[in-house]
Amino acid sequence: MSRLRLILPYFVPYRSVLLVGLVWLLLTDGLGLLLPWMLKVGVDAAQQGAPRQLLLAAVVLVVAALLRFGTRLLSRFAFLRSACRMELDLRRDLLSRLLCREGPFFDRHRTGDLLSRCTNDLSNIRIMAGFGLLILINTVLVYLLTLSLLFSLSPSLTLLALIPYPLLLVLVKYLSGRLLTASTAVQKGLGRISEALEEGISGQAVIRSYSLHGARCDHFEQLNGEYLSSSLKLARLRALIGPVMALIAPISTLLILYVGGARVVTKELSLGELIAFNAYLMQLAMPTLMLGWVLSLGQRAMASAERLRSLLTPLPSADRLPLVAVSAAPTVEIQRLNFSYTDQPVLKDFTLSLAAGSLVGISGATGSGKSTLLQLLAGFYPSQPGEISIDRQDLTTLDMVEHRKRLAVVPQEGRLFSGSLQDNLLYGKPAGDEKLLHQVADAVCLSAEVSAFEEGFATRVGEGGKALSGGQRQRVALGRALARDGSLWLLDDPFSHLDAATARQVWQAMRPLLRDKTVLLVSARVSLLEMADDIVILDQGRVAEQGSHAELLALEGRYARLLEQERLKQELEGLE
605 MSRLRLILPY FVPYRSVLLV GLVWLLLTDG LGLLLPWMLK VGVDAAQQGA
655 PRQLLLAAVV LVVAALLRFG TRLLSRFAFL RSACRMELDL RRDLLSRLLC
705 REGPFFDRHR TGDLLSRCTN DLSNIRIMAG FGLLILINTV LVYLLTLSLL
755 FSLSPSLTLL ALIPYPLLLV LVKYLSGRLL TASTAVQKGL GRISEALEEG
805 ISGQAVIRSY SLHGARCDHF EQLNGEYLSS SLKLARLRAL IGPVMALIAP
855 ISTLLILYVG GARVVTKELS LGELIAFNAY LMQLAMPTLM LGWVLSLGQR
905 AMASAERLRS LLTPLPSADR LPLVAVSAAP TVEIQRLNFS YTDQPVLKDF
955 TLSLAAGSLV GISGATGSGK STLLQLLAGF YPSQPGEISI DRQDLTTLDM
1005 VEHRKRLAVV PQEGRLFSGS LQDNLLYGKP AGDEKLLHQV ADAVCLSAEV
1055 SAFEEGFATR VGEGGKALSG GQRQRVALGR ALARDGSLWL LDDPFSHLDA
1105 ATARQVWQAM RPLLRDKTVL LVSARVSLLE MADDIVILDQ GRVAEQGSHA
1155 ELLALEGRYA RLLEQERLKQ ELEGLE
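Sequential numbering of the sequence shown, starting at 605, is according to my numbering.
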């Protein structure tokens, strides 16, 4: 159970609810103990010919049973309510911790597996924290209270009844480790199935276009077969628990009937006491059976808790400095920056200076490190101390939340969120009004297209913006950044899905709005970089060329060749 310690703090806010539930549970078990005692009183009264005492015992028996029904419901409501609320808190913290993770974390974990952890594993924790905890506490209380009454009735018979129970301890020790291993295998298998489903649904267009339906179904069938094998192994272990647990109570009852019956014959024990003793003993039967279920559930919850540990464990705390001053246009200094995702370096001894309010353009071949540079500046991946400074503050010492508040980041893929066009354009500034909405739409040349939509800005964009074209998604992403109005702009090839004319039109419309902003523009279209204050051409993670448009043209190097290739391509497209 040590693996479940991670979730113990989540019980603290609901300790009063759990305490109330515990009180109701105590009353339930207390009333449960009253029932066999009243049965003893009634049997003894019948033997003694005392009808009034028999009637009183019957009335108390009925009232206690009704009250026990009510207190049982109230106890369950309390425990299950706290478990549901705890699940809500856990899910909230899981998302919060996930959003605070850096890029390497998401490189190591697949989306489908993370979804499985946040749904299936969390559900296992909730069941254990609710019904499992209720059954566990109830079992402990029933055993303590019932055994105390059994010892008061007959210590020798009680010890005799407990003879089979060491078998239960041996079974628990034997199965606990195997259940944990099997439960972990099942949860991992479910995670792999979730990954395959997520990839299949999100990549359905590619799968169909390549006619890979059969291959993907075969792969999914293989994963399902592995999951079935793991589930059957777990089911066999769980199936073993019930029959063995069910065997304990009949053995105890048989021993008590044999020895206790002889004592009734010799008048050492009254018939009512023997019936009450057996009734109390039968009250241990159900908790014993449920103990096996809780054991299985607990092992599954521990396996889930272990899978959630890496997500819930707080990141190492570090003293982060606030921004000295939030300037309208920060300076950026990059000194001898080296970075690699694996053993292969992506950026090598990269050095660059961005003056406040400058526009720096970056281009180069695919895989030369352009996008990586922007991700490092945004703090998505960690850099080394002294490599990146913004407004003369080392990026590794800054509070990332405060740092990102001044950013306007436009990723190349133009990722949108489910909702309307308005929701996405004002995503970074939800309080924005209609005036701001129309301003940013005009700036990215989107107003005319939006007016042609039947629902205008209320048009739903679909999951990931799939209802829009690639160029429209990129322009919405640009509009979202404009509404955000950051002071440091990181643009990762934001015009790649636009034709040359539209891209130039959008860029010219945006340029006046980016005055007094520090802008880093990555673009495969080098013609868009002509007006940049400084242009950097990357090659295999190093600076191959750097200078103004005129200076690089005079070099007649890579930049000049890229510009000429782009011009020829446009001319050929015009001939078509």
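We treat Cβ as the ideally placed atom computed from N, Cα and C, and that holds for glycine. Everything numeric in this text was worked out from a predicted model, so none of it was measured.
Buried versus exposed call for residue i [16 or more other C-beta atoms within 10 Å across all chains shown]
i	result
residue 1066	exposed
residue 1077	buried
residue 614	buried
residue 663	exposed
residue 986	exposed
residue 862	exposed
residue 778	exposed
residue 739	buried
residue 945	exposed
residue 756	exposed
residue 673	exposed
residue 799	buried
residue 1158	exposed
residue 1016	buried
residue 817	exposed
Cβ shell of residue i (< 7 Å), same chain only, five flanking positions each side left out
i	result
residue 648	874, 876
residue 620	none
residue 1004	983
residue 761	860, 863, 864, 881
residue 794	720, 724, 831
residue 908	725, 728, 729, 791
residue 608	905, 906, 909
residue 939	955, 990, 991
Residue i to residue j span [Cα, whole Å]
i	j	result
residue 1169	residue 1130	10 Å
residue 971	residue 1127	13 Å
residue 654	residue 644	13 Å
residue 868	residue 860	11 Å
residue 1051	residue 832	53 Å
residue 1180	residue 1102	Reliability of the predicted coordinates at residue 1180 is poor, the pLDDT of 49 falling under 50, and no value is obtained from them.
residue 758	residue 751	10 Å
residue 742	residue 980	54 Å
residue 1031	residue 1173	36 Å
residue 894	residue 879	24 Å
residue 1039	residue 1152	37 Å
residue 855	residue 766	10 Å
residue 1069	residue 1058	17 Å
residue 1120	residue 935	11 Å
Residues that DSSP places opposite residue i in a beta bridge
i	result
residue 1151	1139
residue 1146	1143
residue 1122	1092
residue 1014	1095
residue 954	941
residue 1068	Looking at the DSSP assignment, residue 1068 forms no beta bridge with any residue, so it has no partner.
residue 994	936, 997
residue 949	944
residue 964	1124, 1138
residue 1024	1064
Neighbourhood of residue i by C-beta distance below 8 Å, restricted to the same chain and skipping five residues each side
i	result
residue 1118	963, 1093
residue 650	658
residue 1143	968, 969, 972, 1162
residue 634	749
residue 1089	1012, 1033
residue 747	888, 891
residue 1115	1135
residue 1073	1101
residue 1137	959, 962, 963, 964, 1152
Pair within 8 Å by beta-carbon distance, residue i and residue j
i	j	result
residue 646	residue 661	yes
residue 632	residue 700	no
residue 1125	residue 990	no
residue 915	residue 782	no
residue 1063	residue 1025	yes
residue 1091	residue 959	no
residue 902	residue 732	yes
residue 804	residue 950	no
residue 954	residue 1123	no
residue 745	residue 629	yes
Close beta carbons around residue i, own chain, < 6 Å, minus the five adjacent residues each side
i	result
residue 1132	1111
residue 993	937
residue 1099	1107
residue 638	668
residue 905	728, 729, 732
residue 1022	1067
Residue i beta carbon near the ligand GDP (any heavy atom closer than 7 Å)
i	result
residue 788	No copy of the ligand GDP occurs in the structure displayed, which carries no ligand at all.
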